[in-house]
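**Student:**
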Amino acid sequence: MEIIVNGKARDVEAPLSVAQLLDALSMRPEMVHVQVNGEMVPREKMAAVTLQEHDEVDIVMAMGGGRRL
Amino acid sequence: MGKETARDTLVLHPQVLEDVLAHCRREAPNEACGWISGVREAARLAGGQAGAGQGGGEGVVLHGQRAHPMRNVHPNPVRRYEMDPVEQFAVMRRLRQAGEELVAIYHSHPATEPVPSQTDIDLAYTKDAVYVIVSLMDDEPTWRGWWLDCDTRRCEEVTVLVAAGDGAGSLKDGRGG
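Going line by line, the protein sequences match chains A and B.
Going by the numbering used here, the first residue of the first sequence is number 1, and it counts up by one from there.
Going by the numbering used here, the first residue of the second sequence is number 1001, and it counts up by one from there.
1) Checking the sheet assignment: what are the DSSP bridge partners for residue 1142 (chain B)?
2) In chain A, what lies closer than 8 angstroms to residue 1082 (chain B) by C-beta?
3) Would you decide whether residue 991 (chain B) is buried or exposed? Buried here means 16 or more other CB atoms lie within 10 Å of its CB.
4) Could one say the Cβ of residue 11 (chain A) lies closer than 7 angstroms to chain B's Cβ atoms, at least one of them?
5) What number of angstroms, rounded off, separates the C-alpha of residue 6 (chain A) from the C-alpha of residue 59 (chain A)?
6) Please determine if the segment 1126-1146 of chain B and the segment 1106-1113 of chain B are in contact, where contact requires at least 3 C-beta pairs separated by less than 8 angstroms.
7) Could you tell me whether the segment 1057-1077 of chain B touches the segment 38-51 of chain A, using the rule of 3 or more Cβ pairs below 8 angstroms?
8) Where does the unbroken alpha helix (DSSP H) through residue 1093 (chain B) begin, and where does it stop?
9) Have a look at the DSSP bridge pairing and note the partners of residue 17 (chain A).
10) Do you know whose CA, among B:1122, B:1130, B:1075 and B:1146, lies nearest residue 1104 (chain B)'s CA?
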């Protein structure tokens, strides 16, 4: 099936969860934030959310830092 | 990705620097954070030119053209920063439409040097953007740029220059303004 990842079409094998997509992209869930069709996918649900044909997936890297607490 | 070297240079449009410094000052004593968007180009740098090192060579020149201040949503913003993911998605979509990309990530160190902390390195998941750190510890802000990588523990300084006026002409670095 075809999905859109960060604006680019990508052919993937169904069924595919968000977590499996991240794994295929060599990304760990704690590294990223994911939206599917504009809806945020909580990290704890990434394995349970199954992507559908033509879904639009946006991925941004989690960004943070600072001094030790 | 991953070919960036110490020869690389981040050139900030003066308005970008002005916007970033204003944001950092506004948020103090909290840490401020945001994106800098623009374009990147591979460049053959002549010897003696900024970022070229002795004898010149290949390098990447990143042009920072717009600042995108983000909300720091960390519960302890005096010591930490965490960018609002909703704002990140919104900016990412705008950049996609504009044909720009993320070239740098900035945050402030209100009371310490513009040098990455261990936590900054531990959480450096983005490996193809320069981490710009602005220090407000002195009367005048200073800034430095870094390639960081949480996996390889890379922490390598990048030359940060500010273009004068229209983006051409004289350049200055972040130490001593």
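No residue lacks a Cβ here, since even glycine has one placed at the ideal position from N, Cα and C.
All values derive from a computational prediction rather than experimental measurement.
**Tutor:** With the given structure in hand:
1) B:1135
2) 62, 63 and 64
3) Residue numbering for chain B in the displayed model covers 1001 to 1177; residue 991 (chain B) lies beyond these limits and cannot be assessed.
4) no
5) Roughly 6 angstroms between the two C-alpha positions.
6) yes
7) Not touching, per the Cβ criterion.
8) Start and end: 1085-1098.
9) A:50
10) Nearest of B:1122, B:1130, B:1075 and B:1146 to residue 1104 (chain B), Cα basis: B:1130.
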